[in-house]
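Here it is in structure tokens:
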């Protein structure tokens, strides 16, 4: 089963984001996608607030935040400033949507910008310059349903389905250290999968678990 693409989080009532429908088809160019996102992300003085339990990690308004993620399945790398001058950068978020798409069926979904705030904070904790290696970003409903049927470790209502989660590791960093860094932020869900060699992080409710 496939669901229609959703457009980026539109700003309303000051700095509140809300998901709306209407993104163009998957073949749409990066430039067109970025242009479509830009009006929805007018400059704001604070990161937009989304109606979920976990807060974004605290950061100053004048810093510059970079997302550095290498997709192990597609070979693509996101290395872009996604926040500067007090607001998110639409072009970078459009690129993130492409790089973190469901690699199994090519479907894209808007990624919650607070996920990049979380990854940025984890990167700072680890004090490394290497990218996060991405095992899984967005998952389409069809992909998630298939994985859930195969393994009880895949949640039926995963945060991956709504662009709020990523499964990651960092070359040269012990998985336990990555896990501790993510837990210390208390900014969402953290799952530890030592046999599969990744840590799950999301910006849903604060919680933790272990898998294989």
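Numbering (this note's numbering), first residue to last: 1 to 212.
C-beta atoms are modelled at their ideal positions from N, C-alpha and C, and glycine is treated no differently.
In terms of CA proximity to residue 64, 89 leads the group 70, 89, 175, 73. In the pairwise beta carbon analysis, the segment 172-182 is classified as not touching the segment 137-148: fewer than three pairs are separated by under 8 angstroms. Here residue 201 really is in contact with residue 166; their C-beta atoms are around 6 angstroms apart, less than 8 angstroms. Counting only unbroken stretches of 3 or more residues, the beta strand (DSSP E) elements lying wholly within the segment 80-164 are 132-136, in sequence order. The bridge partners DSSP lists for residue 179 come to none.
The shortest C-alpha to C-alpha distance from residue 203 to any of 114, 152, 212 is the one to 114.
Secondary structure of residue 196 (DSSP, three-state): coil. If you check the CB distance, residue 96 and residue 116 come in under 8 angstroms. Of the other Cβ atoms in all chains shown, fewer than 16 fall within 10 Å of the Cβ of residue 85; this residue is therefore exposed. Under DSSP, residue 78 forms a beta bridge with 69.
Apart from sequence neighbours up to five positions away, the residues of its chain that approach residue 181 with a beta-carbon distance below 8 angstroms are 122, 125, 126, ordered along the chain. With respect to the 8 angstroms criterion, residue 67 and residue 119 are classified as neighbours on the basis of their beta carbons. In terms of Cα proximity to residue 82, the closest of 153, 74, 91 is 91. Within its own chain, the residues whose Cβ lies closer than 8 angstroms to the Cβ of residue 208, once the five positions on either side in sequence are excluded, are 183, 189, 190, 191, 192, listed in chain order. Taking a C-beta distance under 8 angstroms as the contact criterion, residue 169 and residue 133 qualify as a contact pair.
Pairing residue 148 with residue 211, the inter-Cα distance amounts to about 14 angstroms. Only exposed fits residue 77, as fewer than 16 other CB atoms lie within 10 angstroms of its CB. 178 is the residue among 205, 185, 178, 150 whose C-alpha sits nearest the C-alpha of residue 199. Closest in alpha carbon position to residue 112, among 161, 105, 155, is 161. One Cα belongs to residue 75, the other to residue 99, and the distance between them is close to 9 angstroms.
Taking every protein chain shown into account, the CB of residue 73 has fewer than 16 other CB atoms within 10 angstroms, so this residue is exposed. Here residue 195 has 212 as same chain residues with Cβ atoms under 6 angstroms from its own Cβ, once five neighbours each way along the sequence are excluded.
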